[in-house]
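Numbering (mature numbering (1 follows the signal peptide of the UniProt record, and there is no 0)), first residue to last: -20 to -1, 1 to 443.
Report on one structure; see the data block that follows.
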Amino acid sequence: MKAWASFVLLLAIARPAAWAQDASGDWIGHLPSGFRVLVHIDKVGHGYSGVLINPSDNQTPLDDITANGRHLHFGATALGLGYDGDWDAGRKAWHGQLTFQKTYPLDLHHATDAELYPAPPKRPQEAAIQAGPRPYTSRDVLFPNQRAHVTLAGTLSVPSGKGPFPAVVLVSGTGHNTRDETVWNHQVFLVLADALNRAGVAVLRYDKRGVGGSSGDYDAATTADFASDADAAVAWLRRQPGIDANRIGVLGHSEGGVIAPMVADRDPNVAFVVTIAGPAIRGDRLFVLQSAMTAKAYGAPDEYIARRKLFDQRLYDAIIAAPSAQAARKRADALVAQGIKDKTVDPNEAKNLATDVTSSWERYFLAYDPAPALRKLTVPILALNGSLDLQVPAQDDLVAMRQALAHNPHATIVEMPGMNHLLQDAKTGAPNEYNGIEETMSPRALNLICDWVKRWSRSSKKG
């Protein structure tokens, strides 16, 4: 009996080694919202070190890692984040819970090479354009914004055949965008320009100042400066052979949707306007909504979202009210520091938050209300918003758009069901979904835009 008992005891002692799991390596899982969690852990002496890697590849050091083969714990004190999981041999994963503001179920399995280094998603619309044939000609162009002493580089594409042709200037959204407005490897303006060209409309698209082939200082520019560049684009296009100067419109996406009405407001010869996810509410309110809806989509708890909305509005109010850039920065620094203490602001986000929200561009945009320019428009305007757009939420934005354009008999306002900020057919609308969607822009949206532009560009701007 003693020998048998000793044998059983040895088995009991040895058994954990047979199913104990080494915690080192790359571990990946997804929260119920679909948000990816990726953790890299290294064995260091008798302990571990590691990092949490977010979907944008930013890394947060883990300062609390313990593992004994059966249980894994890691934490990032700076984020108030922690994870506890038990090894499940059947699932070949750590089965546990992640705590960040609230508790979420999370299983972590060894990341495969395909998960760590995924192949770029297909872009069939771009591939079809490259394959040709293209019933239009394209040429690289340079044109001046003499008022700003900036030279802008772009592409003018003109349908084949006899002109003169109606034309559209494309104005891109926020960011260092080239003429193709590339978002998550989607060449949004390349696809849009191709569709318009095939519909018989010439297109001018261009690199933003300080980007690509354009001169100027991007970082010092505001929305007003980018609108000045769009003014110059329209003026230059009007002088080009083969272009009907009486049938030139402006199409803007996102921030470009703010700029397009600004251009038409001060240029009476602009024939029509198209806005795609163009804000109709003031910048500070837009950013509060944008942040809250994106956080909701990523699974943040309602209590945190409510606290963050209050923080964001206090921060933006302080910046708008500040008499100078220096005063705005001082107020932002103080509010961000308090936000960290209150666990409303992630320390990683806080590193650049005060700098970002007090930039020249942001101070202007926070205080800018698009409604007055929209109210003054008398030319035809098409305003589109995706129902799943989290960056310019349709539910709030289109109410303001309808109010601002109530007097305009030529206004067409459409909520595109099931579409996101890029007018892709989407499931959640969250920005982390853009890359995985193969289409760059929904054919339904492209057809609507092209049909509307053809309708309003058949004759003069008066329709």
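In this text, a Cβ means the ideal position worked out from N, Cα and C, and glycines have one as well.
Quick one: grab the DSSP three-state call for residue i.
i           : result
residue 208 : helix
residue 434 : helix
residue 137 : strand
residue 64  : strand
residue 7   : strand
residue 450 : In this structure the chain extends from -20 to 443, so residue 450 is not present and cannot be described.
residue 164 : coil
residue 147 : strand
residue 273 : helix
residue 321 : helix
residue 447 : No answer is possible for residue 447: the residues shown for the chain start at -20 and end at 443.
residue 16  : strand
residue 304 : coil
residue 251 : coil
residue 327 : helix
residue 97  : coil
residue 91  : coil
residue -10 : Confidence is the limiting factor: at residue -10 the pLDDT is only 37, short of 50, which leaves the residue's position unreliable, though a coordinate-based value still follows. Residue state, collapsed to three classes: helix.
residue 83  : strand
residue 103 : coil
residue 257 : coil
residue 421 : coil
Can you round the beta-carbon distance between residue i and residue j to whole angstroms, since I take them to be within the 8 Å contact cut?
i           : j           : result
residue 253 : residue 357 : 7 Å
residue 127 : residue 195 : With 8 Å as the limit, residue 127 and residue 195 do not qualify as a contact, their Cβ atoms being about 14 Å apart.
residue 338 : residue 305 : 6 Å
residue 387 : residue 361 : No, residue 387 and residue 361 are not in contact; Cβ-Cβ is about 12 Å, not under 8 Å.
Leaving out five residues before and five after residue i in sequence, what residues of the same chain have Cβ atoms less than 6 Å from its Cβ?
i           : result
residue 18  : 8 and 33
residue 381 : 260, 363 and 393
residue 193 : 133 and 187
residue 121 : 134 and 136
residue 143 : 222
residue 146 : 181, 224, 227 and 437
residue 169 : 150, 160, 161 and 185
residue 287 : 324
residue 78  : 63, 84 and 86
residue 435 : none
residue 52  : 3, 65 and 74
residue 262 : 349
residue 21  : 3, 4, 28 and 30
residue 91  : 6 and 8
residue 352 : none
residue 345 : 203 and 263
residue 291 : 319 and 324
residue 41  : 31
How would you call residue i, buried or exposed, if buried means at least 16 neighbouring beta carbons within 10 angstroms?
i           : result
residue 181 : buried
residue 88  : buried
residue 217 : buried
residue 156 : exposed
residue 447 : Residue numbering for the chain in the displayed model covers -20 to 443; residue 447 lies beyond these limits and cannot be assessed.
residue 48  : exposed
residue 365 : buried
residue 97  : exposed
residue 38  : exposed
residue 175 : buried
residue 76  : buried
residue 235 : buried
residue 70  : exposed
residue 418 : exposed
residue 93  : exposed
residue 112 : exposed
residue 95  : exposed
residue 125 : buried
residue 442 : Below a pLDDT of 50, predicted positions are generally treated as unreliable, and residue 442, at 44, falls in that range; the measurement from the model is reported next regardless. Result: exposed.
residue 406 : buried
residue 166 : buried
residue 43  : exposed
residue 57  : exposed
residue 423 : exposed
Sorted by chain position, which residues of the same chain lie with C-beta nearer than 7 Å to residue i's C-beta, five sequence neighbours on each side aside?
i           : result
residue -7  : Summary for residue -7: the model assigns pLDDT 41, below 50, so the residue's position carries little reliability, and this model does not support an answer.
residue 82  : 281
residue 154 : 234 and 235
residue 315 : 294, 295 and 298
residue 416 : 101
In its own chain, which residues sit with a C-beta less than 8 Å from the C-beta of residue i, not counting the 5 before and 5 after it?
i           : result
residue 293 : 264 and 268
residue 140 : 115, 116 and 117
Under 7 Å: does the beta carbon of residue i sit that close to some heavy atom of the ligand FMN?
i           : result
residue 240 : The model depicted lacks the ligand FMN and carries no ligand whatsoever.
Discussion item. Does the structure place the segment 236 to 250 close enough to the segment 274 to 283 that three or more beta carbon pairs sit under 8 Å?
Written reply: no
Counting Cβ pairs closer than 8 Å, one from the segment 321 to 329 and one from the segment 174 to 190, do we hit at least three? no
**Request:** Inspect the CB distances between the segment 264 to 271 and the segment 364 to 380 and report whether three or more fall short of 8 Å.
**Result:** yes
Should the segment 202 to 221 be regarded as contacting the segment 124 to 133, the criterion being three or more beta carbon pairs within less than 8 Å? With a cut-off of 8 Å, the segment 124 to 133 and the segment 202 to 221 count as touching, because enough Cβ pairs lie within range.
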